[in-house]
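Following: one structure in structure tokens, then a few remarks.
There are 2 protein chains.
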Amino acid sequence: MAKASRIGHLLLRFLAFSATLSAVIVMVSSHENATFFTISFEAKYTKSPSFKYFVIANSVVTVYGFFILFLPAESLLWRLVVATDMGLTMLLISSISAALAIAQVAKKGNNYAAWLPICSSVPKFCNHMTGSLIASFAGVVIYMILLLHSIHRVLDPLLMRKP
Amino acid sequence: MAKASRIGHLLLRFLAFSATLSAVIVMVSSHENATFFTISFEAKYTKSPSFKYFVIANSVVTVYGFFILFLPAESLLWRLVVATDMGLTMLLISSISAALAIAQVAKKGNNYAAWLPICSSVPKFCNHMTGSLIASFAGVVIYMILLLHSIHRVLDPLLMRKP
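Protein sequences, first through last, are from chains A and B.
Mapping of the first sequence onto UniProt numbering: residues 1 to 163, in sequence order.
Mapping of the second sequence onto UniProt numbering: residues 1 to 163, in sequence order.
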């Protein structure tokens, strides 16, 4: 890899690492007490399996993103990185979708199933949730750029190089 | 591509196509009327944005899976197929995760948010939902095998070929 391209590559990886790290921190630090009708309850990410999955997936990708920053340029492991990148991007996408589906119900509720929206009772928790989802989404976009770049480099799908 | 490998490849693609097609059919054909406390309601996939997304994503992948079966072996478009495969696998994963998150709430409810489980009122709908998710999951697994095979072929990440 040329030096400029390598610096750009590492910069993107560092941004992706920061994005997923922020997503974890923002989600874990969100909790709020509220009274909902007559019941008092605490909103926290541990109360929904989807949010727990979101935090675990983002933590795994953060740890991976940290160690990959220190992988030497000439290491043969870089060939494995495309496959691991792909797997972890899929993990991240899956966790964001699950968390987003629950966040949508928390925000809008579902009349048909009689699930009431809870965001009016715990607005601070909902803001944290939204911020965390946006940060994680930014991380996924960066990983997708890295993946498409790898595929472009090894497969040349748009046939821009002359045979 | 050798002939045997090509037949195996097409067989896998046909299975993936069948899996996503079944997922769409089973989900779309599921509806059930029920009385929930004093309210009468109809459970249907259109009543949740996550299930609508699931049906749309599976339909897109089904149509793609159908047309790719007729792509000639010598077409240059096969180089693009790795990228489109990856994109559509991610779409499918995302839709399954979102639908699964909602299905989990439908089955178990969420005490903290006062969302009650609805599967005891609409068991037939819930069975369809589960079946559809399993079919779609089978489709994703096949697409992942195809993707890992492509990556293995062009990148040789485990260094099994001698340089």
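Glycine included, each C-beta is placed from N, C-alpha and C at the ideal position.
Model, not experiment: these values are computed from the prediction.
### Within chain A, the residues that lysine 47 of chain B reaches when beta carbons sit closer than 9 Å
Proximity of chain A to lysine 47 of chain B at the Cβ level (cut-off 9 Å) is accounted for by Asn110, Asn111, Tyr112 and Ala113, in chain order.
### Residue environment, histidine 128 of chain B, which counts as buried when at least 16 other CB atoms sit within 10 Å
By the neighbour-count rule (16 or more Cβ atoms within 10 Å), histidine 128 of chain B is buried.
### Task
Keeping to the same chain, check which residues put their C-beta closer than 7 Å to that of leucine 11 of chain A; ignore five residues upstream and five downstream.
For leucine 11 of chain A, where only same-chain residues beyond five positions count, there are no Cβ hits under 7 Å.
#### Entry: Alpha-carbon spacing of phenylalanine 51 of chain B relative to serine 75 of chain A, whole angstroms
Using only the alpha carbons, I get a separation of about 44 Å.
### Message
Our contact map puts phenylalanine 147 of chain B next to methionine 86 of chain B with C-beta atoms below 8 Å; I'd like the distance itself, whole angstroms only.
### Response
The identity of residue 147 of chain B in the sequence shown is leucine, whereas the question assumes phenylalanine. Beta-carbon to beta-carbon, leucine 147 of chain B and methionine 86 of chain B are separated by about 6 Å, close enough to satisfy the 8 Å threshold.
### Message
Tell me which residues share the same chain as valine 24 of chain B and place their Cβ nearer than 7 Å to its Cβ, disregarding the 5 neighbours each side in the sequence.
### Response
Once the five neighbours on either side are set aside, the close Cβ partners of valine 24 of chain B are Val55, Asn58, Ser59 and Thr62.
### Task
Determine whether the Cβ of serine 97 of chain B lies closer than 7 Å to any Cβ atom of chain A.
Answer yes: the Cβ-Cβ gap between serine 97 of chain B and chain A drops below 7 Å somewhere.
### Message
If the criterion is Cβ atoms closer than 7 Å, does the pair alanine 73 of chain A and isoleucine 151 of chain B meet it?
### Response
With contacts defined by Cβ atoms closer than 7 Å, alanine 73 of chain A and isoleucine 151 of chain B do not form a contacting pair.
### Task
Measure from the C-beta of phenylalanine 137 of chain A to each C-beta in chain B and report whether the shortest distance is under 7 Å.
No, because no Cβ of chain B sits closer than 7 Å to the Cβ of phenylalanine 137 of chain A.
### Query
Residue ranges of each alpha helix (DSSP H) run of no fewer than 4 residues wholly in the UniProt domain "Casparian strip membrane protein" (4-141) of chain A, ordered along the chain?
Within the UniProt domain "Casparian strip membrane protein" (4-141) of chain A, the complete alpha helix (DSSP H) runs of at least 4 residues are 49-68 and 78-108.
### Query
Can you find a CB in chain A that lies within less than 7 Å of the CB of lysine 162 of chain B?
Bear in mind that the predicted position of lysine 162 of chain B carries a pLDDT of just 49, short of 50, making it too unreliable to give a figure here.
### Query
Roughly how many angstroms separate the alpha carbons of histidine 9 of chain A and tryptophan 115 of chain B, rounded to a whole number?
About 45 Å.
#### Entry: Cβ-based neighbour list, lysine 44 of chain A, same chain, cut-off 6 Å, excluding 5 preceding and 5 following
Counting only Cβ-Cβ distances below 6 Å, and skipping sequence neighbours, we find His31.
### Task
Show which residues of chain A have a CB atom less than 7 Å away from the CB atom of serine 120 of chain B.
For serine 120 of chain B, no chain A residue has a Cβ inside 7 Å of its Cβ, as the nearest lies near 12 Å away.
### Task
Could you tell me if serine 40 of chain B is buried or exposed, where buried requires 16 or more neighbouring beta carbons within 10 angstroms of its beta carbon?
Label assigned to serine 40 of chain B: exposed.
### Message
For residue 167 of chain B, count the other beta carbons within 10 Å of its own beta carbon; 16 or more makes it buried, fewer makes it exposed. Which is it?
### Response
Residue 167 of chain B is absent from the model: chain B starts at 1 and stops at 163.
### Query
Excluding five sequence neighbours on each side, which residues of the same chain lie with their C-beta closer than 7 Å to the C-beta of threonine 89 of chain A?
The answer, listed in chain order, is Val140, Tyr143, Met144 and Leu147.
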